[in-house]
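Asks:
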Amino acid sequence: MNQNQSKKTHKEYLGLSNQGATCYMNSLLQSLFMTYDFRQKLFEWKYDPNKHNNKEDCIPFQLQVLFGKLQYFQQNRKYLDTKPLINSFGWQGNEMFQQHDVQEFSKVLFDAIEQSSSNKESQFIRDLYEGITENFIQCKICNYESIKMDKYQDLQLIINNQFEQVINDSVEKCLKYYVKNVYLEKDNQYFCEKCQQKVDAIKGVRFKQLPQVLILQLNRFDIDFTTFQRKKICNRVYFPFVLDMNEFLKKYEDINIEENPPFVNEEENISKIKINNNNNNKGILKNKNAMYQQDPYNNNTHIDQYSDDTLVEIQPLFENTIQKQVTHQQNFFPKKQIKLKEYTHPALISRADEAYELENFDNSVKIQQICKYINIFIYIYITKSQKHTETIPEEQEEEKYNECFQQIYKENSEQIDKNKQEIQKYIKNGPYVYELYAVNVHSGGAFGGHYFSYIKSFENDFWYNFNDSFVNIISPQQIKNVFGQLNCSDLNQNSSAYMLMYKIVEKQTNIELPKIPVEVEEIIQEQEKQEKQEIIKCKKQFEEKSKNMHLIVYCENNVFTFSFDKFLCNLQDVKVQIYERFQIQSAFEDFRLRIYSTFDKRLKETFSEEQNNMFLYQIQSLVDYQDLIVEFRDKGQEFEDYDSTKIYIFLYVWKSGIKNLQDMKSVKLYVKFDLQINILINQAKNKLNINNEIMLIFYFYLRLSISYYKIQYRLIKRNLGHFVNDQCIILNEFPDKKLNELRIQNNQSLYLEYKSDNYNFYKWQEEFIKDSCRCIIKFNDPSKNKSREAPEYEYEIQIDNRSTIKEAKVLISQQVKKKLIHFFQKKKQLRIHIDSFVIKKSNVFGSEFKDLSQIINTQGIQNRGTFYLQYGQPSSENTFSIRYFIGALSEEDQPGLQFDCELMFVMQTDSQLSVIDLKNILIKEMKEQKNIQIENYKYIRLREKNSNVLGNILKNFSMLSEYKFYDKKSLCICILDKEEEIEKNEMLIYVKEWNTQIYGLGKVQEFFVKNNSLCYEIISQIGSVFNHISLENIQITKINSISKFNIDQLILEKEWKDINDQFNINQGPWYTQFDGSLFVQCIFFFLLLLFYQLLFFYAFLLTFFLQDQEQIIGLKQQQYLL
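Heads up: the sequence shown begins at -6 in this note's numbering, then just goes up one per residue.
(1) Mapping DSSP to helix, strand and coil, what is V235?
(2) Please state whether DSSP places V172 in a helix, a strand or coil.
(3) So what does DSSP say about R70, is it helix, strand or coil?
(4) Please confirm if the region 949 to 962 is in contact with the region 895 to 907, defined as three or more CB-CB distances below 8 Å between the two stretches.
(5) Just to confirm before moving on: does the CB-CB distance between I827 and K802 stay below 9 Å?
(6) Would you please state the rounded distance, in angstroms, between the beta carbons of I651 and C768? I believe it to be under 8 Å.
(7) How about Y430 and F445: do their beta carbons lie closer than 9 Å?
(8) Can you tell me which of the three DSSP states C185 falls into?
(9) Ordered along the chain, which non-local residues of its own chain (more than five positions away) have a Cβ less than 6 Å from that of T337?
(10) By the three-class DSSP mapping on this structure, what secondary structure does M18 have?
(11) Answer yes if the region 3 to 23 comes into contact with the region 56 to 71, meaning at least three C-beta pairs across the two stretches below 8 Å, and no otherwise.
(12) Could you give the distance in angstroms between the alpha-carbon of V942 and the alpha-carbon of L964?
(13) Given K1003, which residues of its chain have a CB within under 6 Å of its CB, disregarding the five upstream and five downstream residues?
(14) Output yes or no for whether 9 Å exceeds the beta carbon distance between Q889 and S1036.
(15) When the Cα of K962 is compared with those of P1062, C227, G839, which residue comes out closest?
(16) Who does D893 pair with in a DSSP beta bridge?
(17) Look up Y635 in the DSSP assignment and say whether it is helix, strand or coil.
(18) Going by DSSP in three states, I672 sits in which element: helix, strand or coil?
(19) With 16 as the cutoff for other CB atoms within 10 Å, does Q926 come out buried or exposed?
(20) Determine the direct distance from the alpha carbon of R795 to that of N913, and round the result to whole angstroms.
(21) Label A580 either buried or exposed according to how many other C-beta atoms from any shown protein chain fall within 10 Å of its C-beta, with 16 as the threshold for buried.
(22) Give every residue of the same chain whose Cβ lies closer than 8 Å to the Cβ of L953, excluding the five residues on either side of it in the sequence, and list them in chain order.
(23) So, is A12 buried or exposed, given that buried needs 16 or more other C-beta atoms within 10 angstroms?
(24) Use the C-beta contact count for D215: other C-beta atoms within 10 angstroms, 16 or more gives buried, fewer gives exposed.
(25) Kindly indicate which three-state DSSP category I975 falls into: helix, strand or coil?
(26) Helix, strand or coil for C227, going by three-state DSSP, please let me know.
(27) Would you call T591 buried or exposed, if buried means 16 or more other Cβ atoms sit within 10 Å of its Cβ?
(28) Quick one: grab the DSSP three-state call for Q202.
(29) Which residue from E252, I722, E1025 puts its Cα closest to that of W757?
(30) Are the region 214 to 231 and the region 147 to 156 touching, with three or more C-beta to C-beta distances below 8 Å?
(31) Which residue comes first and which comes last in the beta strand (DSSP E) that contains Y457?
(32) In terms of residue numbering, what span does the alpha helix (DSSP H) encompassing V513 cover?
(33) In this structure, does DSSP put N1139 in helix, strand or coil?
(34) So, I118 versus I106, is the Cβ gap smaller than 9 Å?
(35) From K665 to T638, what distance separates their C-alpha atoms?
(36) So L56 and L73 are in contact, right, with Cβ under 8 Å, and what is the actual spacing, rounded?
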């Protein structure tokens, strides 16, 4: 390989980042970028601000910028961001995580370019990709042809036709099947306009004009008519590097292709690529699987770039013993050291978040060898059962690279020579000879997967794998691995070619890179300048941050984060700043700093005198954001040395008149974790200066909810609950036991009291029973209430949760008097009586406490709960704030029931009233507030309102107390055209008629039925209104969800009942017990008609499919579901 060849082959291309599930877009964009004519014509396109959208929304301009960056930045980075182009499509949020078809996206992109351009500017799309076909029908009597011209930008080729039992295993067979003649005979004869009669005819397709770039889409997705689900066709389809399209310009009968495509036998292929240990010949492993790929820049999995399609096609690997089951790829390691990591093979996917293990996959293959191509590719073969770290010398690594590249160079040269020979052979038949240059591959199944591309560079004639942000050089032999599967598995998933791009063979000339537009180049250079400035700025910030060390210091009840220059400050400087910041009253020499563990609240390592004069970066135990604690000593005492086997114990001594346990101070002991109890008792007495008096030490070990209280600068743990004898331990009874044997750990609290004559009565135990019932309730300042702002619960009371709401309200009123005295003086009134404000539970939307005799702990009020205070007259126990609406059935034509309701007013309502009394009050209120005149209460129907659905009717003879009332309950007033009196055992139902001829529902009808009616009685009552149908032919069914009802649900409805059914409607299967149920009635024999309609539909669909395959393909591309 000479110097020029070596320079030429070191060409690098950039990848494109995956923004969620945009691999389909990246795959196509790289193919278009590597299409020389497309790139050149796109760069010639001119942006016109008067004609086009803003630059941010102009798709051709953003595509220009992206292609300009791909060409401009080839030596500066590894991949580019595609967000500007995605934003120009108007995609936001989740739309970037929706998978699309690469062929569909190509149409969207080409249409966007054509719509943004004049006819002349967009002509290049048609010149490059557009061809013409003739769809003809030829009369066999007069030879008259009916011709329809169709333009195409890609050809959709059928691989598998289930109805004709045709499997095309090569592109040539697919193309021949595309132009196959169909004979219209017998019942399917064609009406000839010239002969004016039905005749036998031939229907077919002819190529009238072929494009410069021929795009072939292999239809690998279809509907499985046995399951009516989408499936992927994984059959192997051979496609040549050189395609002779001259053959398909002939008549169908004269087309001559090879019946047996040149498949390489799988076993022979594997034997060819095995590696000889003696000469280190590098072969290429055939792969059929997918893998999780790693970021080549930081060796971390690229989660953000592979969120929906994380699986990528495996690359060729080089090993001594090659098995064909499991392969993995690693794209980058540091140059002097390669670490082999453990991988789990996910097999192939059917969805982006699923992985299947195929039965024939074997994950235990020994690693033999590693081959790396610097900055281009790495091939590694890995097992799950073995972890390694190998170091490869630089010379050996370079040698492996050369061997590897020479093998690829050799195989590529052989393929180029072979292509030239075939071109010379086919060019004799005509000018339409095409050479393969791009293969878009789909890896996965019918419901999800990943796209990547194999593309041949027009600059150096080498093949590359463009896989989102990763671009690797490959051997052309690798392309054979995406032909498909010889024996398809039941999973219907693999890595197979989906779209092929061929360019017509032309006379080779010296190709120069297209010139990037000046405006685009200026934008790219400006962005590059800004990126460099941002890098410099980030570097400075990093350097600034790297020289600073942050220390989090705890001092008594205070915490503060300090920042020091670790290269200029020593530990003594730190102590001085801490001393000044916390305004410590003790002498400077009576405190010290210690490492503090916030996890277990343990005081750990101390600092020596030598370390006081050391710079911070020199102290190994100090790291950024290190937790430190200030420890004090009494005057004249010595600091205790740190011992990792010691723990802190906090002692609390009983005192009469304890108001709050949080305010109590403790005495600290620093003891061995395995200290005996008798020694602990003696140390406690010495610490507390107690002589020989008997002290009882209690240890409570409840497994209840945990609360944390601050005492000085530490947090101690105490358990809450009702204490009984078996929940505490009197440590005096276990003098020989050790602390760790009794599960006494660091920062444990022990409680001491003097022994009394009543051995069964413990003061601490009684105190903790009281403390477990103490409840802190926070409340707001009612004078600061604002309608649209959440209140601040800045005040609190402490109360026994066994107290009543009234007792809490009295305490709150006293707090209000203290806290708001200034406000009341300013208003010159003192509204602090318990009847001057309202208490609501939790917040402004909570319910009001009306029964003040209720106990706090029975109302779901927990410790640190909140009350919302609001000035106003408290409601009585039976008075509720009710929201009143006015409403009626919607006039919109909807399958279900919709009600139009409008809020009129909110009114305090006494639940002890009768329904008639309430209606009379409402008549008066509507007249005064809304000027609505109603003659009497019989013209009003009052119904409960739940969301947008009206429920039970409040009957006139009832009392409101018979219904469930609560604050902010909604009632709807329906104004009637005539007087209405509903009996006690009646309920309202709605009925609609289903007209199967127009496939629609009629207008709704109201019926009042007995709540214990039988089915046939309701049908009889319905039949009296729908008298055009005899009772024997009426069927009815109940609709469960009246607001979200869809008429299509009636087809699958099973509970159709007729006049012969005798069950009670308030029992199964209908369970009709409330007002407002919806029923649908229809003619009895509609099911038979529907069956024939469905049968006719499927017969028509089958006939349609057989007559015109192209129509069905179009439906399939739109994901047509039966």
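The beta carbon of each residue, even a glycine, is placed where N, CA and C say it ideally should be. Fair warning: this is a prediction, and the values are worked out from it, not measured in the lab.
Replies: If we stick to the structure as given:
(1) strand
(2) coil
(3) coil
(4) yes
(5) yes
(6) That belief does not hold up - the Cβ atoms of I651 and C768 are roughly 16 Å apart, past 8 Å.
(7) no
(8) strand
(9) Here T337 scores only 27 on pLDDT, less than 50, and its place in the model should not be relied on; the value that follows carries that caveat. Same-chain partners within the cutoff: there are none.
(10) helix
(11) yes
(12) 11 Å
(13) N978
(14) The identity of residue 889 in the sequence shown is Gly, whereas the question assumes Gln. In contact: G889 and S1036 (Cβ atoms closer than 9 Å).
(15) G839
(16) A881
(17) coil
(18) helix
(19) exposed
(20) 43 Å
(21) exposed
(22) T902, D903, S904, Q905, L906, S907, V908, L911, L947
(23) Ala is not the amino acid found at residue 12; the sequence shown has Gln there. Q12 comes out buried.
(24) buried
(25) coil
(26) coil
(27) exposed
(28) strand
(29) I722
(30) yes
(31) 456 to 460
(32) 511 to 540
(33) With the chain represented from -6 up to 1115, any question about residue 1139 goes unanswered, as that position is not in the structure.
(34) yes
(35) 6 Å
(36) Not quite, the Cβ-Cβ distance comes to about 12 Å (not below 8 Å), so this is no contact.
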